[in-house]
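Following: one structure in structure tokens, then a few remarks.
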Amino acid sequence: MRAGPLRVLQVSSTDLAGGRFNGHAIGPRLTQRGIQSRMLVWNRQSQDATVRAFLPLRGARRMNAWLGRMERARSIHARLQYQSFLLAAHPWFREADVVHYHLIHDGWFSLDALPFLTRRKPSLWTWHDPWIMTGHCIYPLGCGRWRTGCGACPDLTLPFAMRRDRTADQHRWKQGVVGRSRVEVILASRHMQAMAEASPIARGLSTHLLPFGVDLDFFTPGDVAAARARLGIRPDRVVIGFRGAAENMFKGGDLVIEALRGLPAELAEKLCLLSTHAHGQTLPFVDRHQVVELGWNTDPLLVRDSLLAADFFVMPSRAEAFGMMAIEAMACGKPVIVTDGTSLPEVTQAPEIGIAVPAGDVPALTAAILRLIQNPYERAARGAAGRALAEARYGEAGFADGLATLYRGAVVRRGAAP
Amino acid sequence: MKTLLLTDIPPCTNYTAGIVTAQMCRAVPAGQLAVFNVQNPHLTPELCADLAQLPMVTVHKPNEFGVRRWRGLPITTLGQTAVEFRKRMLRLRPIIAQALEFGRAQEVDNLWCVLQGQTMLRLALPVARGLGVPLRLHLWDPLEWWHRAHRVDRLNAWLDRRLFDRVMRAGESCASASWAMTEHFARRYGLRGEPVIAALDTPVQRRPEPVLHRPDTLTIGMAGQFYAEAEWLTLVSALTHAKWRVAGRTVRLLAMGGSPPPGAIPSENLDFRGWQPQAEVVRLLAEEADLLYCGYPFGAEMEQVSRLSFPSKLPTYFAAGRPVLFHGRADSSPATYLARRAAAWIVAQPDAASLHSALLNLAEDEAAFARFARAASAAFEADFTLETQRAAVRRFLGL
Numbered sequence: 001m002r003a004g005p006l007r008v009l010q011v012s013s014t015d016l017a018g019g020r021f022n023g024h025a026i027g028p029r030l031t032q033r034g035i036q037s038r039m040l041v042w043n044r045q046s047q048d049a050t051v052r053a054f055l056p057l058r059g060a061r062r063m064n065a066w067l068g069r070m071e072r073a074r075s076i077h078a079r080l081q082y083q084s085f086l087l088a089a090h091p092w093f094r095e096a097d098v099v100h101y102h103l104i105h106d107g108w109f110s111l112d113a114l115p116f117l118t119r120r121k122p123s124l125w126t127w128h129d130p131w132i133m134t135g136h137c138i139y140p141l142g143c144g145r146w147r148t149g150c151g152a153c154p155d156l157t158l159p160f161a162m163r164r165d166r167t168a169d170q171h172r173w174k175q176g177v178v179g180r181s182r183v184e185v186i187l188a189s190r191h192m193q194a195m196a197e198a199s200p201i202a203r204g205l206s207t208h209l210l211p212f213g214v215d216l217d218f219f220t221p222g223d224v225a226a227a228r229a230r231l232g233i234r235p236d237r238v239v240i241g242f243r244g245a246a247e248n249m250f251k252g253g254d255l256v257i258e259a260l261r262g263l264p265a266e267l268a269e270k271l272c273l274l275s276t277h278a279h280g281q282t283l284p285f286v287d288r289h290q291v292v293e294l295g296w297n298t299d300p301l302l303v304r305d306s307l308l309a310a311d312f313f314v315m316p317s318r319a320e321a322f323g324m325m326a327i328e329a330m331a332c333g334k335p336v337i338v339t340d341g342t343s344l345p346e347v348t349q350a351p352e353i354g355i356a357v358p359a360g361d362v363p364a365l366t367a368a369i370l371r372l373i374q375n376p377y378e379r380a381a382r383g384a385a386g387r388a389l390a391e392a393r394y395g396e397a398g399f400a401d402g403l404a405t406l407y408r409g410a411v412v413r414r415g416a417a418p
Numbered sequence: 419m420k421t422l423l424l425t426d427i428p429p430c431t432n433y434t435a436g437i438v439t440a441q442m443c444r445a446v447p448a449g450q451l452a453v454f455n456v457q458n459p460h461l462t463p464e465l466c467a468d469l470a471q472l473p474m475v476t477v478h479k480p481n482e483f484g485v486r487r488w489r490g491l492p493i494t495t496l497g498q499t500a501v502e503f504r505k506r507m508l509r510l511r512p513i514i515a516q517a518l519e520f521g522r523a524q525e526v527d528n529l530w531c532v533l534q535g536q537t538m539l540r541l542a543l544p545v546a547r548g549l550g551v552p553l554r555l556h557l558w559d560p561l562e563w564w565h566r567a568h569r570v571d572r573l574n575a576w577l578d579r580r581l582f583d584r585v586m587r588a589g590e591s592c593a594s595a596s597w598a599m600t601e602h603f604a605r606r607y608g609l610r611g612e613p614v615i616a617a618l619d620t621p622v623q624r625r626p627e628p629v630l631h632r633p634d635t636l637t638i639g640m641a642g643q644f645y646a647e648a649e650w651l652t653l654v655s656a657l658t659h660a661k662w663r664v665a666g667r668t669v670r671l672l673a674m675g676g677s678p679p680p681g682a683i684p685s686e687n688l689d690f691r692g693w694q695p696q697a698e699v700v701r702l703l704a705e706e707a708d709l710l711y712c713g714y715p716f717g718a719e720m721e722q723v724s725r726l727s728f729p730s731k732l733p734t735y736f737a738a739g740r741p742v743l744f745h746g747r748a749d750s751s752p753a754t755y756l757a758r759r760a761a762a763w764i765v766a767q768p769d770a771a772s773l774h775s776a777l778l779n780l781a782e783d784e785a786a787f788a789r790f791a792r793a794a795s796a797a798f799e800a801d802f803t804l805e806t807q808r809a810a811v812r813r814f815l816g817l
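Chains as they are written, first to last, in my numbering: chain H, 1 to 418; chain P, 419 to 817.
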């Protein structure tokens, strides 16, 4: 038996973007639990010594972009990037006791490599969204054809879009790839677990439920006035926080905009609309409210300020596999408004703590927003309950404990001694 | 010691660079300065009466734009390169000879060269070496920006960049357009530098009460060139979306400069006063504007200019004693200065909503308004008076 810590290799497309759930941020917590965590990514953004770029060769990214164009022309996805077989030759892969795959379906990794790679090392794979269970879309929204093999897709424009309907073919291919892979799957919510149970692709797979964790010392109820001052928010406003990004239809940024239009005129000059991930979306409201658009950023301090400064957080996603921002908002003591039909009512424990409205129901969303604007006591009560829920279920320490158990178990189940 | 000023704009009253040059010339004791002016023939500088005694020779500067036609015929990129190369090799020789002749006649022992554009760059070393005097370099803008703005071909731009490195290494001292530029050249070339920025005479300064002038109006002042047009249009867009009202006040733009401000501005919200003398600009900004807008380019193509240059309107704004709203990159040279002095509300995001939010804060937050107004006055007194500038000029020229 090899002495020393268990060595885990995290494999994902980026390190910093999505770092709170792709294995990057959790590294130090794993170290405390006797696990050495390193990361191979396609796009390295940090200078962290525990992160390396995979295949940092001149021309590799250009070649990959060309492969992406080929895939779009052929209406396939995550198939032609055969460079992913080379992962097995990387020294960090060879030295790893366990390999944990994260975002490997965004156009740099061929899933055809997965059976080959997972036979070589005990492997875990976090399904961050349901794409692997569908014929092409990341989220099937109301469609149930993913349960029966897809084909005759009602909406090929959903990401990842297809030119012609090859959803049945893709579904069959995924079923084959997953069936031949020796991999255990981690799911962050019961919502995703229920989808996996209903999916022919996931049939027979070993799955584990492990919600993501947040750093409860960092995302914590703090100095609201200071956060508002840093963001230039007027102190006398009720601040509505939400994720913008109109281009990402799954996140429902457009629904918030519609809902805000329905607010009564007497609230003019009493509100501040505080959004992230987009610019320009709330500009039409500057004649009524203060508007602060932080845009897309990866600065954790700014992310935290955006949550601390808000009186409540609106997250009307049309689809969500977990909902990390809702958890972070709750950890900061902020009530959240979410939508039914996603993982969010489950993770925010609606209706007791989170407020869930029917998906796509703009008047209901407006009513929920108005209710929280007008009820500071309800905001405070739900905020405190949200913090307690985050402490009980979504701590980073508990997440790291869960991961450590899964990593050690994966080695034991494979019969490979580290 | 007598200094020869080799410049592309004479000390004058009607161009920003000429106004600053005139201020700098006044820092040199009488009889110790001569001017060799290599001037764009299309410019019409109005010379300063108090500097009329300066010995000065003016010659025409060759056209610095990359030409698209030669003797009426369209030319290719190769042809453009050839034309510029011919200028480089042949057109400057007579100018160098004239400068040397004038410098020797004036018995100069110091050369102050304004390094603006490829012509001045190409003259600097031959004139300094011909006269055998120390070379003191004065820079307004990064060379790369000049090349791009004048569409200089790639080969000649590359040759100019190499020449620029040689000139900078040969320099004795350097006066540059900002603190950031001074530090940049000190790091890169080990060159002793002085930031020499537009300055104003102390009596011009105003110290209005640091409050909004009127209860129902917010007047945004803007003076000088609209070199950050995209940023200005963002301001217009923000105000248009806000229906030209901020914090319950009607917004009015008070603009001064050579041309009316761009953008669809309703006439009832615009008060354009045209070009005004500097002292009058300061008075109008102080007495009529509530806050003063300074946009600076966010675009990636202007990154170097933004990082190294400094807007000459800022000293004018500071002299007016009103809060400044700066709209530009956080790493730009003015933003760095303003953050250090806490002398402006800085909007480091290019979007319109951020600008509107800043306007709202300045209109509603009386404490912040007063703090920025006082900081503006303090910045003027510390860094932009003629006394400060003259001391910097003397250090630069080794006087």
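Even for Gly, the Cβ is constructed at its ideal location relative to N, Cα and C.
Establish whether the CB of LEU630(P) and some CB of chain B are separated by less than 8 Å. Among the chains of the structure shown, chain B does not appear; the protein chains present are H and P.
Taking only beta-carbon positions, decide if GLU266(H) is within less than 8 Å of chain P. Counted from its first residue, the first sequence places residue 266(H) at position 266. Closer than 8 Å: no.
Count the other CB atoms, across all protein chains shown, that sit within 10 Å of the CB of GLN290(H); report buried if there are 16 or more and exposed otherwise. Looking up residue 290(H) in the first sequence gives position 290. Buried, by the Cβ-count rule.
Looking at chain H, which residues of the segment 772-786 of chain P have a Cβ within less than 9 Å of any of its Cβ atoms? SER772, HIS774, SER775, ALA776, LEU778, ASN779, GLU782, ASP783
Note down, in chain order, every chain H residue with its Cβ under 7 Å from the Cβ of HIS659(P). Within the second sequence, numbered from 1, the residue matching residue 659(P) stands at position 241. Neighbours of HIS659(P) on chain H, chain order: LEU283, PRO284, VAL286, ASP287.
GLU197(H) classed as buried or exposed, judged by whether at least 16 other C-beta atoms fall within 10 angstroms: Taking the first residue of the first sequence as 1, we reach residue 197(H) at position 197. By the neighbour-count rule (16 or more Cβ atoms within 10 Å), GLU197(H) is not buried but exposed.
From ALA588(P), VAL614(P), GLU590(P), pick the residue whose C-alpha is nearest to that of MET374(P); which is it? Any question about residue 374(P) goes unanswered here, given that chain P covers just 419 to 817.
Residues sharing a beta bridge with ASP689(P), DSSP: Within the second sequence, residue 689(P) is the residue found at index 271, counting from 1. Answer is LEU672(P).
Can you list, in chain order, the residues of its chain whose CB lies under 6 Å from that of ALA593(P), leaving out five sequence neighbours each side? Counting from 1 along the second sequence, the entry for residue 593(P) is found at position 175. The residues are HIS556, GLU612, VAL614, PHE814.
Given that VAL291(H) touches chain P, what residues does it touch there, using C-beta distances under 8 Å? Taking the first sequence and counting its residues from 1, the one referred to as residue 291(H) is at position 291. The contacting residues are ALA771, HIS774, SER775.
Inter-residue spacing [alpha-carbon to alpha-carbon] between SER123(H) and ASN375(H): As a first step, residue 123(H) is located in the first sequence; it is residue number 123 there, counting from the start. As a first step, residue 375(H) is located in the first sequence; it is residue number 375 there, counting from the start. Rounded to whole angstroms, SER123(H) to ASN375(H) spans 48 Å at the Cα level.
Is the separation between the beta-carbon of ALA635(P) and that of ARG667(P) shorter than 8 Å? Within the second sequence, residue 635(P) is the residue found at index 217, counting from 1. Within the second sequence, residue 667(P) is the residue found at index 249, counting from 1. Just to set this straight, residue 635(P) is Thr in the shown sequence, not Ala. It is a contact, given that the beta carbons lie within the stated cut-off.
Could you tell me if ASN455(P) is buried or exposed, where buried requires 16 or more neighbouring beta carbons within 10 angstroms of its beta carbon? On the second sequence, residue 455(P) is found 37 positions in, with the first residue counted as 1. ASN455(P) is buried by the Cβ-count criterion.
Is the CB of ARG663(P) under 8 Å away from at least one CB in chain H? Numbered from 1 along the second sequence, position 245 holds the residue referred to as residue 663(P). Cβ-Cβ to chain H under 8 Å: yes for ARG663(P).
What does the alpha-carbon distance come out to for the pair ILE513(P) and PHE728(P)? Here residue 513(P) refers to the residue found at position 95 when the second sequence is read from its first residue. Here residue 728(P) refers to the residue found at position 310 when the second sequence is read from its first residue. ILE513(P) and PHE728(P): Cα-Cα distance of roughly 31 Å.
Would you kindly report the start and end of the unbroken beta strand (DSSP E) that includes ALA53(H)? Walking along the first sequence from the start, residue 53(H) turns up at place 53. From DSSP, the beta strand (DSSP E) with ALA53(H) extends over 51-53.
Assuming contact is defined by CB atoms lying nearer than 8 Å, are GLY746(P) and SER775(P) in contact in what I supplied? In the second sequence, the residue the question calls residue 746(P) occupies position 328. In the second sequence, the residue the question calls residue 775(P) occupies position 357. The answer is no: Cβ separation not under 8 Å.
Under 8 Å, do ALA367(H) and THR339(H) count as touching if we go by C-beta distance? Numbered from 1 along the first sequence, position 367 holds the residue referred to as residue 367(H). Numbered from 1 along the first sequence, position 339 holds the residue referred to as residue 339(H). No, the Cβ-Cβ distance between ALA367(H) and THR339(H) is not below 8 Å.
Is it true that the CB of GLU649(P) sits closer than 8 Å to the CB of PRO715(P)? By one-based count along the second sequence, residue 715(P) stands at place 297. By one-based count along the second sequence, residue 649(P) stands at place 231. Going by C-beta atoms, PRO715(P) is nearer than 8 Å to GLU649(P).
Closest by CA to LEU263(H), which one among MET192(H), LEU365(H), ARG20(H)? Taking the first residue of the first sequence as 1, we reach residue 263(H) at position 263. Among MET192(H), LEU365(H), ARG20(H), the Cα nearest to that of LEU263(H) belongs to LEU365(H).
Go ahead and pull the three-state DSSP assignment for TRP763(P). As a first step, residue 763(P) is located in the second sequence; it is residue number 345 there, counting from the start. TRP763(P): strand per DSSP, three-state reduction.
Give the single residue among ARG38(H), VAL314(H), THR14(H) whose Cα lies nearest to the Cα of ALA259(H). Numbered from its first residue, the first sequence carries residue 259(H) at position 259. Out of ARG38(H), VAL314(H), THR14(H), VAL314(H) has the C-alpha closest to the C-alpha of ALA259(H).
Can you list, in chain order, the residues of its chain with a C-beta nearer than 6 Å to that of PHE520(P)? Leave out the 5 residues immediately preceding and following it. Within the second sequence, residue 520(P) is the residue found at index 102, counting from 1. Cβ within range, chain order: PHE454, VAL475.
Does DSSP classify GLU293(H) as helix, strand or coil? If you number the first sequence from 1, residue 293(H) lands on position 293. GLU293(H) carries a strand assignment under DSSP once its states are collapsed to helix, strand and coil.
Let me confirm a value: ARG379(H) is counted as buried when at least 16 other C-beta atoms fall within 10 Å, else exposed. Which label applies? The count along the first sequence starts at 1 and reaches residue 379(H) at position 379. Classification of ARG379(H): buried, given that the 10 Å Cβ count is 16 or more.
CB contact flag (ALA682(P), ILE638(P), <8 Å): For the purposes of this step, residue 682(P) is identified with residue 264 of the second sequence, where counting begins at 1. For the purposes of this step, residue 638(P) is identified with residue 220 of the second sequence, where counting begins at 1. No, the Cβ-Cβ distance between ALA682(P) and ILE638(P) is not below 8 Å.
Would you call the CB atoms of TRP125(H) and VAL183(H) closer than 8 Å? If you number the first sequence from 1, residue 125(H) lands on position 125. If you number the first sequence from 1, residue 183(H) lands on position 183. Cβ atoms of TRP125(H) and VAL183(H): closer than 8 Å.
Buried versus exposed, by CB contacts within 10 Å (16 or more), ARG119(H): As a working mapping, residue 119(H) is identified with position 119 in the first sequence. Exposed, since its Cβ has fewer than 16 Cβ neighbours within 10 Å.
Using a Cβ cut-off of 7 Å, which residues of the segment 222-239 of chain H contact any Cβ in chain P, in chain order? GLY232, ARG234
Three-state secondary structure (DSSP) of ARG203(H): Position 203 of the first sequence, counted from the first residue, corresponds to residue 203(H). ARG203(H): coil per DSSP, three-state reduction.
Looking at chain H, which residues of the segment 785-800 of chain P have a Cβ within less than 7 Å of any of its Cβ atoms? So the list is empty, because no residue satisfies the distance condition.
Identity of the residue in GLN471(P), PRO463(P), PRO741(P) nearest ALA448(P) by Cα: The residue you call residue 448(P) lines up with position 30 of the second sequence. Nearest of GLN471(P), PRO463(P), PRO741(P) to ALA448(P), Cα basis: GLN471(P).
Can you give, in chain order, each stretch of the beta strand (DSSP E) that sits fully within the segment 532-608 of chain P and has at least 3 residues? 553-556, 591-594
Cβ-heavy atom distance between PRO300(H) and the ligand ZN below 7 Å? The model depicted lacks the ligand ZN and carries no ligand whatsoever.
Chain H contact residues for ALA656(P), given Cβ-Cβ distances below 8 Å: Within the second sequence, the letter at position 238 stands for residue 656(P). Within chain H, the C-beta atoms nearer than 8 Å to that of ALA656(P) come from LEU283, VAL286, in chain order.
Can you tell me which of the three DSSP states VAL699(P) falls into? On the second sequence, position 281 is the one that residue 699(P) refers to. Three-state result, VAL699(P): helix.
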